[in-house]
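What follows is a single structure, written as structure tokens, with notes after it.
Numbering (full-length UniProt numbering), first residue to last: 1 to 102.
In structure tokens, the structure reads:
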């Protein structure tokens with residue numbers, strides 16, 4: 001579903017920013033930087049130690065792939081991310097719209 005980048009930014013700040021920056025670089029957080037993540041190869045950001053599943057991944061983060069991942073990250077690919085996924089499809093769509101805007 002289509003989302004709002006402005007609404008997604010607010011959700012990102014409340015749910016994601018503790019572990020992720022909006023830069024490409026990790027920035028000392030526990031998760032990889034997410035700037036420019038849409039269109040990037042999964043598990044290939046320099047400076048971040050990914051799970052073996054992510055390191056071996058051979059897909060590109062599209063808006064659709066990110067939307068599916070954020071529904072329930074641990075069922076999408078083996079990850080150490082503690083976030084269980086968005087319960088509301090509109091929250092998921094809004095965060096994906098925000099990530100697309102970075």
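In this text, a Cβ means the ideal position worked out from N, Cα and C, and glycines have one as well.
Where DSSP assigns a beta bridge to residue i, which residues make up the other side?
i: residue 41; result: 60
Considering only the beta carbon of each residue, do residue i and residue j sit closer than 8 Å?
i: residue 72; j: residue 11; result: no
i: residue 43; j: residue 55; result: yes
i: residue 76; j: residue 8; result: no
i: residue 39; j: residue 60; result: yes
i: residue 27; j: residue 90; result: no
Given a threshold of 16 other Cβ atoms within 10 Å of its Cβ, counted over all protein chains shown, does residue i qualify as buried or as exposed?
i: residue 92; result: buried
i: residue 33; result: buried
i: residue 62; result: exposed
Of all the options the options, which has the alpha carbon lying nearest to the alpha carbon of residue i?
i: residue 15; options: 101, 100, 102, 84; result: 84
i: residue 50; options: 28, 64, 80; result: 80
i: residue 47; options: 101, 29, 68; result: 29
i: residue 82; options: 5, 19, 6, 13; result: 19
i: residue 45; options: 88, 68, 65, 21; result: 21
For residue i and residue j, I'd like the C-alpha separation in whole angstroms.
i: residue 41; j: residue 1; result: 23 Å
i: residue 70; j: residue 86; result: 6 Å
i: residue 74; j: residue 57; result: 14 Å
i: residue 78; j: residue 88; result: 22 Å
Return no unless some Cβ of chain C is closer than 8 Å to the Cβ of residue i.
i: residue 2; result: No chain C appears in this structure, which consists of one protein chain only.
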